[in-house]
Amino acid sequence: MERQEELGNVPRWEKMDKDILSNIFTKLDVVNVIMGASRVCITWFLASHNKTIWNTIKLNDIDSIIFDNPYGPYMQDNDRERHRYQLKKILIEINKFGRTVPANFFFNVFSYVVEEDLAIISKGMPNIRKLALPMWKNLSLNSIQSAFSKWKNLLLCLYRSIKIAHHRSSKPR
């Protein structure tokens, strides 16, 4: 009985201070904020729109993202238990939450970015200063030039590439 009285002064999770929630949300992966935490209750939704969360976008949790990748079966885990979202949908949601705030945008090296994805980022996030893109051969020069022309504040752009090695299985004779 004493324990219940002690907990009476503790605020309920849906009534937590928005600044505290925003600080917690900065520690979460972006996908978890937009597709999870922001949908818990109205307080969490409002806290998830705090500008401090959206200064730097890191798309690290590639297991939560479905890419339009021709190498898909080899590059991504197909765990059916996990909630997964199309990259385009995630980028559209980031635009809604972050608006023009993001200054840094980092893709995981295994991300597969298509021209439409790059267009969504460049139109919705004109204040990008630092950008890390995976280097795939699917982006045309025109789409890259169009995107970069919108980023007037761009100071640093990193292209990261990976090598995909194909190993033939050798059968013992």
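Start counting the sequence shown at 1; every next residue gets the next number (full-length UniProt numbering). Idealized CB from N, CA, C, for every residue including glycine.
Residues of its chain near residue i, where Cβ-Cβ distance is below 6 Å and the 5 sequence neighbours each way are ignored
i     : result
Thr56 : Asn104
Thr43 : Glu14
Val40 : none
DSSP state of residue i mapped onto helix, strand, coil
i           : result
Thr52       : helix
Lys27       : coil
Ser140      : coil
Gly98       : helix
Trp13       : helix
residue 228 : Since the displayed the chain opens at 1 and closes at 173, residue 228 lies outside it and no answer follows.
Asp19       : helix
Bridge partner(s) assigned by DSSP for residue i
i      : result
Leu158 : Ala132
Asn104 : Thr56 and Lys130
Tyr112 : Tyr112 is not bridged to any residue.
Spatial neighbours of residue i in its chain, beta-carbon cut-off 7 Å, leaving aside the 5 residues before and after
i           : result
Asn138      : Val114
Tyr74       : At Tyr74, the pLDDT of 45 sits below 50, so the modelled position is not reliable and the matter cannot be decided from this model.
Asn60       : Asp29 and Asn108
Asp17       : none
Leu154      : Ile128, Arg129, Leu131 and Phe148
Arg12       : none
residue 174 : The displayed coordinates of the chain run from 1 to 173. Any statement about residue 174 would go beyond what the structure contains.
His49       : Phe97
Ala37       : Phe25, Leu28, Trp44 and Ser48
Of the residues the options, the one placed nearest residue i, counting alpha carbons only
i      : options                           : result
Leu156 : Leu133, Ile42 and Lys123          : Leu133
Asp117 : Glu93, Ala47, Asn23 and Lys152    : Glu93
Thr100 : Leu158, Lys27, Lys150 and Asp29   : Lys150
Tyr159 : Ser122, Ser146, Phe106 and Ile121 : Phe106
Ile121 : Lys51, Lys88, Val31 and Trp13     : Lys88
Asn32  : Ile90, Lys15, Thr52 and Glu14     : Ile90
Ala47  : Lys123, Leu21, Glu14 and Phe148   : Leu21
Thr26  : Trp54, Thr43 and Lys18            : Trp54
Ile35  : Phe97, Ile128, Lys51 and Asn127   : Ile is not the amino acid found at residue 35; the sequence shown has Met there. It is Phe97.
Lys130 : Gln86, Lys58, Phe110 and Ile42    : Lys58
Thr52  : Pro102, Gly124 and Ser140         : Pro102
The alpha helix (DSSP H) enclosing residue i, as first and last residue numbers
i     : result
Ala37 : Note, Ala37: premise wrong, no alpha helix (DSSP H); not H, not E.
Trp44 : Ile42 to Ala47
Cut-off 8 Å between Cβ atoms - residues of its own chain near residue i, not counting five sequence neighbours on either side
i      : result
Lys152 : Pro126
Ser143 : Glu115, Leu118 and Ala119
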